[in-house]
Amino acid sequence: MADQPHYVTRGSASHSQLIGITQRATPLTVVWTGEQRVRFSDFQVNEIAKDGNVVRLRSIGMNDEPTSQPLQEKTEQISEDKAPKVEASNEIQTPEAIPAEQKMEISPEEFAALASLVNEKFAQDLVKLFNGDEDAGGQKVTSVSSGPLEDKSKRGQIHGEVRRIFKSRLETSTDDTGAITATKVPLRKGKKRNRGGRGQPDDKPAGEYLHFTLYKDNRDTMDAVNQIARMLRIKPQSIGYAGTKDRRASTAQRCSVRYMRQRALAGTNSKLWGIATGDYEYRDDPIHLGQLLGNEFVITLKNCKVVGESTDTPISTRLETMRTQVQAALDHMAQHGWINYFGHQRFGTYDIGTHQIGKLILGNKWEEAVKALLSYDPEIAAKAAAGEIPSEAMKRDEYARHHACMLFLTGKDVGKAARIMPGRYTAESCILRHLTRMGTGSLKDYAGALTHITRGLRSMYLHAYQSHVWNHVASRRWELHGDKVIAGDLVISDTDDAAPPTAEKDQDGDEIVNPGDEADDDAIRARPLTDEEAASGRFTIHDVVLPSPGYDVRYPDNDIGRFYEEFMGREENGALDPHTMRRLRREFSLPGRYRKLMHRFLATPSLEMRLYSDDTEQMHPTDLDIIKSAGSDAARGGKRRRNGPDDEGANKRTKTEGGGEDISHAEANGNADAEPPAAQDSAAEPDKIAAVVKFQLGSSAYATVTLRELMGDPPEQAPSDKPAKGTTDEAAT
């Protein structure tokens, strides 16, 4: 299997056509190409709050702490059972062993109740945990686990009994396997203390929720949140955020966490690689999914070329030609907008797209859907079975996934398949655990396996099918009618307001801060335009909406409405009826929602085109760069380097400020994800063109779609450039 480039190349025109992206509202004089994310900082995303302010990281940690600590200080990934405690500067302390007179002896009835729900050992372990006893090795018991439990109702009983019996002094959580883990709730000291002689006042919360800015480099939002939660010993669901940001990028967004001291959160900054928090503020309300206006993107495209242009043309002439043509296209987009397609990443990067799995689920083809989810590359699976495993962690997991899927689908060893499937492949793990939970007796429960996939992932497959239909309908609408408003087009009804979001809880009764469904366009109603309204000029193409198929939407009252029936009714699209989207299994019923046909920038976009010579050159500063440049320690001239606390190259071995082991940044982050060394000052003659595009999009729009509108459809990829089966190719959002 050939190694793939770490930077992003856009999908081919043929792939765009498969997912319905075929039309364009912007006339292009030239089609041009460019390489994205040669450095992950070539792709920058800053959240835009509901009030229109762009979220930027302005300080790291507490105001009395240094703000220029490198994000690469801690390179070791934190495992679930080895999460380090936060600094003692916070008032939440790990309790000492409880004095003998305070040790708990639960009643025989309470002990029997716990033992009946799990077993006697777990009940005994809970008592030891509460009393701060030591295990057989002389170590204090810090957590206990029940082992996997399939019964959700029983898990709920266990959570409740533990809270009742131990008076909420033990905290319980459920992991991906269904096991319940109990930990001790830290004692809260009531007195104020002078920390380190610095005379700092106690950072007493002024509100229930601590809001903060999360900055991350080359990490996805859920991974960053999980790492912070482990450090703070809280559930990831306790951290709220408005939306997920790209992984291979430098991003900033606001988050919230309940009942947390600033110092506890600030203490994580020196322990996590690629993550920084700051700009703390207490508020009475949390941040929920969808609570944003949109995102600001600063995207650097390198090695830009006009398709078909001769390389004999002087570079300065090519630059001016591109600048003129690209600026004209950008101006047209700013004035007229473009079709609001769902982007490529909505449909996945495996051979079998997420929309195809959604189609099978909606068609009640459970077995086919499961086998599609477990599809694998025989070549990779054979190498894994033969022990030919790559050293890189991400690749090891990928090989293990293909190996596990092969073992299950071929029936060679279904039990081993469930054991070796890496936990980060959540859908596959859930399916294999469910199908093998009762030996051969559960191997055919495909519908049950699909319902055991987490709600967010289930929704992703179903929404992908809806998005696939929406894209094709939008293309048909533009192909037939362009920007003309016609009778039967849908517009949002003025009489119906969006319903407020409802709080949701998981199976254990804990509040879910970020439920998996999308938050945009919920609970709104649309109506068709009459002939008179369509001809009146009161409505424009920017008022027109199209529904994603569902049981709670209205379809256009014209030829586009009929196209829904014709398109979804095709065998290759599932032979489904858009008017019957309810299913016997509630989890697979889709209400549908409305989406604007056209999208426009939230603010005036900008374009910079320039000549350069080295692809590793940093073209635009990140929030972290600005903070560092403002500090006296980091004030220096020349081009910035990003790869270590002392600006050394990516592969130079350095020691963390915390006194950690010598380790190279490339080794710590995995060779495939290591940021290339920044360009040195060079006298080389600039011979390449770079474009730095800055624009703001609404929360439901896709940067990949915006770039396609600006650049045109890319040429067809050569076969060797296509991602290998089962591998991922990060795309812009």
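What the sequence shown shows, in numbering that gives the first Met the number 0, is residues 0 to 732, in sequence order.
Beta carbons: idealized from backbone N, C-alpha and C, even for Gly.
Can you tell me the Cα-Cα spacing of Ser389 and Leu271, whole angstroms?
Looking up residue 389 in the sequence shown gives position 390. Looking up residue 271 in the sequence shown gives position 272. Reading off the sequence shown, one finds Pro at residue 389, where the question assumed Ser. Cα to Cα, Pro389 sits roughly 25 Å from Leu271.
On a CA-only basis, which of Ala399, Leu434, Arg423 is nearest Gly414? Give me that one, please.
Here residue 414 refers to the residue found at position 415 of the sequence shown. With distances taken between Cα atoms, Gly414 lies closest to Leu434.
What separation, rounded to the nearest whole angstrom, lies between the Cα atoms of Thr615 and Lys370?
Working through the sequence shown from its first residue, we reach residue 615 at position 616. Working through the sequence shown from its first residue, we reach residue 370 at position 371. Each residue's alpha carbon lies about 42 Å from the other.
Would you give the residue range spanned by the alpha helix (DSSP H) that Tyr460 belongs to?
Counted from its first residue, the sequence shown places residue 460 at position 461. Looking at the DSSP string, the run of the alpha helix (DSSP H) that includes Tyr460 is 454-480.
Quick one: is Asp150 buried, meaning 16 or more other Cβ sit within 10 Å of its Cβ, or exposed?
Within the sequence shown, residue 150 is the residue found at index 151, counting from 1. With fewer than 16 Cβ atoms within 10 Å of its Cβ, Asp150 is classed as exposed.
For the beta strand (DSSP E) containing Asp216, name the first residue and the last one.
In the sequence shown, residue 216 corresponds to position 217, counting from 1. It spans 208-216 - the beta strand (DSSP E) in which Asp216 sits, taken as one unbroken run.
Measuring only the C-alpha atoms, how far is Thr579 from Gln22?
Position 580 of the sequence shown, counted from the start, is the residue given in the question as residue 579. Position 23 of the sequence shown, counted from the start, is the residue given in the question as residue 22. Going from the Cα of Thr579 to the Cα of Gln22 covers about 29 Å.
Who pairs with Ser172 in a beta bridge, going by DSSP?
Against the sequence shown, residue 172 aligns to sequence position 173. Beta-bridge pairing links Ser172 to Thr180.
For Arg432, which residues of its own chain have a beta-carbon under 6 Å away from its beta-carbon, when the five flanking residues on both sides are left out?
As a first step, residue 432 is located in the sequence shown; it is residue number 433 there, counting from the start. So the list reads Ala417, once near-sequence residues are dropped.
Give the single residue among Asp613, Gly487, Ala533, Val468 whose Cα lies nearest to the Cα of Arg569.
Here residue 569 refers to the residue found at position 570 of the sequence shown. Of the candidates Asp613, Gly487, Ala533, Val468, the one whose C-alpha sits nearest the C-alpha of Arg569 is Val468.
Please classify Pro107 as buried or exposed, where buried requires at least 16 neighbouring CB atoms within 10 angstroms.
If you number the sequence shown from 1, residue 107 lands on position 108. Classification of Pro107: exposed, given that the 10 Å Cβ count is below 16.
Going by the DSSP bridge assignment, what does Gly697 pair with across the sheet?
On the sequence shown, position 698 is the one that residue 697 refers to. BP columns for Gly697 point to Gly293.
Where do the ends of the alpha helix (DSSP H) carrying Trp365 lie?
On the sequence shown, residue 365 is found 366 positions in, with the first residue counted as 1. From DSSP, the alpha helix (DSSP H) with Trp365 extends over 365-372.
Can you check which of these residues, Lys304, Ala275, Gly410, is closest to Ile227 by C-alpha distance?
Residue mapping note: residue 227 aligns to position 228 of the sequence shown, counting from 1. Comparing Cα positions, the closest option is Ala275.
Which residues mark the beginning and the end of the alpha helix (DSSP H) in which Pro107 is found?
As a first step, residue 107 is located in the sequence shown; it is residue number 108 there, counting from the start. Its alpha helix (DSSP H) spans residues 107-116.
Rounded to the nearest angstrom, what separates Asn798 and Pro235 at their Cα positions?
Here the chain comprises residues numbered 0 to 732, so residue 798 is not present and cannot be evaluated.
With three or more C-beta pairs closer than 8 Å as the rule, is the segment 334-347 touching the segment 305-315?
Output reads no: the segment 334-347 does not touch the segment 305-315.
State buried or exposed for Asn118, treating a residue as buried only when at least 16 other CB atoms are found within 10 Å of its CB.
Here residue 118 corresponds to residue number 119 of the sequence shown, with the count starting at 1. That one is exposed.
Relative to the C-alpha of His287, which residue among Glu308, Val256, Leu300 is closest?
The residue you call residue 287 lines up with position 288 of the sequence shown. Comparing Cα-Cα distances from His287 to each of Glu308, Val256, Leu300, the minimum goes to Val256.
Is DSSP giving Asp350 helix, strand or coil here?
As a working mapping, residue 350 is identified with position 351 in the sequence shown. Asp350: coil per DSSP, three-state reduction.
Considering only residues of the same chain and omitting the five flanking positions on each side of Gly189, which have a CB-CB separation below 7 Å?
Sequence index remark: in the sequence shown, residue 189 carries index 190 (1-based). Residue confidence for Gly189 is low, a pLDDT of 43 falling below 50, so the modelled location carries little weight; the figure read from the coordinates is stated next. There are no such residues.
In whole angstroms, what separates the C-alpha of Tyr611 from that of Gln695?
Within the sequence shown, numbered from 1, the residue matching residue 611 stands at position 612. Within the sequence shown, numbered from 1, the residue matching residue 695 stands at position 696. So the two alpha carbons sit approximately 26 Å from each other.
Taking the C-alpha atoms as reference points, what is the distance between Val305 and Ala689?
Locating residue 305 in the sequence shown gives position 306, where the first residue counts as 1. Locating residue 689 in the sequence shown gives position 690, where the first residue counts as 1. Distance between the alpha carbons of Val305 and Ala689: 12 Å.
Kindly list the residues whose CB is nearer than 8 Å to the CB of Ser15, restricted to its own chain and excluding five residues on each side of it in sequence; keep chain order.
Here residue 15 refers to the residue found at position 16 when the sequence shown is read from its first residue. For Ser15, where only same-chain residues beyond five positions count, the Cβ hits under 8 Å are Thr21, His343, Arg707, Asp712.
So for Gly549, helix, strand or coil by DSSP?
In the sequence shown, residue 549 corresponds to position 550, counting from 1. Residue state, collapsed to three classes: coil.
Here's the rule I'm using: 16 or more other beta-carbon atoms within 10 Å means buried, otherwise exposed. How should Pro714 be labelled?
Here residue 714 refers to the residue found at position 715 of the sequence shown. Burial call: exposed.
For Ile625, count neighbouring Cβ atoms within 10 angstroms of its own Cβ and tell me buried if that reaches 16, exposed if not.
Residue numbering aside, residue 625 sits at position 626 when the sequence shown is read from its first letter. Per the 10 Å Cβ criterion, exposed.
Assuming Phe121 and Ser145 make a contact with CB atoms under 8 Å, what is their CB distance in whole Å?
Indexing the sequence shown from 1 puts residue 121 at position 122. Indexing the sequence shown from 1 puts residue 145 at position 146. Indeed, because the Cβ distance is near 5 Å, the residues count as touching under 8 Å.
Are Gln324 and Val29 closer than 7 Å when you measure CB to CB?
Taking the first residue of the sequence shown as 1, we reach residue 324 at position 325. Taking the first residue of the sequence shown as 1, we reach residue 29 at position 30. Taking 7 Å as the Cβ cut-off, Gln324 and Val29 qualify as a contacting pair.
Using CA coordinates, which residue listed in Glu109, Thr703, Ala463 is at the minimum distance from Phe587?
Taking the sequence shown and counting its residues from 1, the one referred to as residue 587 is at position 588. Measuring from the Cα of Phe587, the nearest candidate turns out to be Ala463.
Within its chain, find whatever has a CB closer than 6 Å to the CB of Gly19; leave out the 5 residues flanking it on each side and keep chain order.
By 1-based counting over the sequence shown, the position of residue 19 is 20. So the list reads Asn470, His471, Ser474, once near-sequence residues are dropped.
Find out if the Cβ-Cβ distance for the pair Arg608, Arg322 is shorter than 7 Å.
Stepping through the sequence shown from its first residue, residue 608 is reached at position 609. Stepping through the sequence shown from its first residue, residue 322 is reached at position 323. Sequence check: residue 608 is Met here, not Arg. Going by C-beta atoms, Met608 is nearer than 7 Å to Arg322.
Locate the beta strand (DSSP E) running through Tyr398, then write down its first and last residues.
Here residue 398 is taken as the residue at index 399 of the sequence shown, counted from 1. Taken as a continuous stretch (DSSP letters only), Tyr398 belongs to no beta strand (DSSP E), being part of the alpha helix (DSSP H) at 392-408.
Report buried or exposed for Arg683, applying the criterion of at least 16 other Cβ atoms within 10 angstroms of its Cβ.
Here residue 683 refers to the residue found at position 684 of the sequence shown. The displayed chain sequence assigns Ala, not Arg, to residue 683. Ala683 should be labelled exposed.
Counting Cβ pairs closer than 8 Å, one from the segment 168-187 and one from the segment 202-218, do we hit at least three?
No, the segment 168-187 does not touch the segment 202-218.
Tell me whether the segment 243-251 and the segment 31-45 touch, counting them as touching only if at least three CB pairs, one residue from each stretch, are closer than 8 Å.
Output reads yes: the segment 31-45 touches the segment 243-251.
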